Amino acid sequence: MAIGLTHYLVVSAILFSLGVFAIVTRKNAILVLMGLELILNSANLNFIAFAKFGGLNIEGHIAVMFIIVLAAAEVAVALAIVLNIYQNYHHIDVDEINSLKE
Amino acid sequence: MVLFEFVFYMFAFVVIVSAMGVVFSKKMMYSAFSLLFTFFGMAGLYVLLNADFIAVTQIMVYVGGILVLIVFGVMLTTKITGVEIKSGTLGRFELALGGVVAIAIATFLSIMYLNVDWMTSNMSIEINSTTGYIGFGLFTEYLLAFFIAAILLLVAFIGAAKIARRK
Numbered sequence: 000m001a002i003g004l005t006h007y008l009v010v011s012a013i014l015f016s017l018g019v020f021a022i023v024t025r026k027n028a029i030l031v032l033m034g035l036e037l038i039l040n041s042a043n044l045n046f047i048a049f050a051k052f053g054g055l056n057i058e059g060h061i062a063v064m065f066i067i068v069l070a071a072a073e074v075a076v077a078l079a080i081v082l083n084i085y086q087n088y089h090h091i092d093v094d095e096i097n098s099l100k101e
Numbered sequence: 000m001v002l003f004e005f006v007f008y009m010f011a012f013v014v015i016v017s018a019m020g021v022v023f024s025k026k027m028m029y030s031a032f033s034l035l036f037t038f039f040g041m042a043g044l045y046v047l048l049n050a051d052f053i054a055v056t057q058i059m060v061y062v063g064g065i066l067v068l069i070v071f072g073v074m075l076t077t078k079i080t081g082v083e084i085k086s087g088t089l090g091r092f093e094l095a096l097g098g099v100v101a102i103a104i105a106t107f108l109s110i111m112y113l114n115v116d117w118m119t120s121n122m123s124i125e126i127n128s129t130t131g132y133i134g135f136g137l138f139t140e141y142l143l144a145f146f147i148a149a150i151l152l153l154v155a156f157i158g159a160a161k162i163a164r165r166k
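From first to last, the protein sequence lines stand for chains V and L. Once you know that position 8 of the first sequence is 7 in numbering that gives the first Met the number 0, the rest is easy, because the numbers rise by one and skip nothing. Once you know that position 71 of the second sequence is 70 in numbering that gives the first Met the number 0, the rest is easy, because the numbers rise by one and skip nothing.
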């Protein structure tokens with residue numbers, strides 16, 4: 000059976016559900032961020048797979064470029080906020096945190 | 000094309016197993032290093048999909064930038080003296096509920112993907128490298144989005160440096 004579009008789509012579906020599981024069940028803020036990265040990667044895989052099997056257009060690749068830029072910006076800001084929260088609370092348990100100030 | 004299928008299944012295996020390592024491992028550091036293998040496996044899948052530039056960008060930005068930031072975050076937010084670098088999970092009920100939701104999403108998406116008759120095109124244009132096409136697209140049709148993304152990155156990094164600085 001030749002590798003087709005659905006093979007890549009199923010891989011990305013599994014990756015997406017693993018990311019959702021990490022976001023829903025983990026308490027640590029950095030692990031929630033890692034789950035977010037998994038979800039963004041699964042979206043990227045979908046874009047590239049459709050770009051190839053939908054006739055080798057380049058628009059999917061450009062969308063993935065912008066998603067990577069957004070992921071970099073998001074991780075930088077989110078980790079800065081996490082570090083600030085750690086200075087105030089001395090933990091980063093997202094269930095307990097309800098304020099950004101002391 | 001047996002070799003192609005073998006390589007695809009190898010990369011898919013690496014991606015899924017290491018993503019499971021990210022999600023299920025008890026220690027934060029193991030999760031971060033599993034994420035490394037996930038990103039490399041994704042780059043391999045991109046290469047199989049004729050996306051050479053995106054594959055290299057994936058390795059440079061995700062592994063060289065985002066993963067380093069995450070590892071720094073893991074190391075800076077754990078107590079050096081305390082032993083615990085625990086990832087922290089919920090109770091059994093919440094865990095089961097999250098697992099059910101995740102499995103439901105995976106099965107729903109997979110069934111949808113397998114049943115829809117995707118309109119794929121059989122055009123087999125031989126492209127040696129996508130880099131030129133991506134550059135051409137970025138500087139003609141997507142020029143405004145490109146500049147906005149550049150300004151967004153600048154603002155985000157200045158803001159991150161401002162937020163993270165100690166008072």
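Beta carbons are placed, not taken as given, at the ideal position from N, Cα and C, and that holds for glycine. From a predicted model like this one, the values you see are computed outputs, not experimental measurements.
- Task: Count the other CB atoms, across all protein chains shown, that sit within 10 Å of the CB of V:H6; report buried if there are 16 or more and exposed otherwise.
- Result: buried
- Query: Roughly how many angstroms lie between the CA atoms of V:D92 and L:T76, to the nearest whole one?
  - Reply: 11 Å
- Message: Out of V:S98, V:V76 and V:V19, which one is the CA nearest neighbour of L:L152?
- Response: Comparing C-alpha distances from L:L152 to each of V:S98, V:V76 and V:V19 shows the shortest one belongs to V:V76.
- Task: Return the chain-ordered list of same chain residues with a C-beta closer than 7 Å to the C-beta of L:S33, the five sequence neighbours on each side being excluded.
- Result: S17, G20, V21 and S24
- Message: Taking 9 Å as the threshold (beta carbon to beta carbon), is V:S98 in contact with chain L?
- Response: V:S98 does not count as touching chain L.
- Task: Reducing DSSP to helix, strand and coil, say where L:D220 ends up.
- Result: Here chain L comprises residues numbered 0 to 166, so residue 220 of chain L is not present and cannot be evaluated.
- Message: Please classify V:E36 as buried or exposed, where buried requires at least 16 neighbouring CB atoms within 10 angstroms.
- Response: buried
- Item | Option in V:N87, V:H90 and V:E73 with minimal Cα separation from L:V154 | Distance check between L:V154 and each of V:N87, V:H90 and V:E73 places V:E73 closest, using alpha-carbon atoms only.
- Name the one or two DSSP bridge partners that V:K51 has. Looking at the DSSP assignment, V:K51 forms no beta bridge with any residue, so it has no partner.
- Message: For a contact defined as C-beta to C-beta under 9 Å, what are the partners of V:L35 on chain L?
- Response: Within chain L, no residue comes near V:L35; the closest Cβ sits about 11 Å away, beyond 9 Å.
- Query: Residues of chain L with a CB under 9 Å from the CB of V:I38: which are they?
  - Reply: Within 9 Å Cβ-Cβ: nothing; V:I38 doesn't reach chain L, min ~11 Å.
- Query: Does the beta carbon of L:I53 come closer than 9 Å to any beta carbon on chain V?
  - Reply: yes
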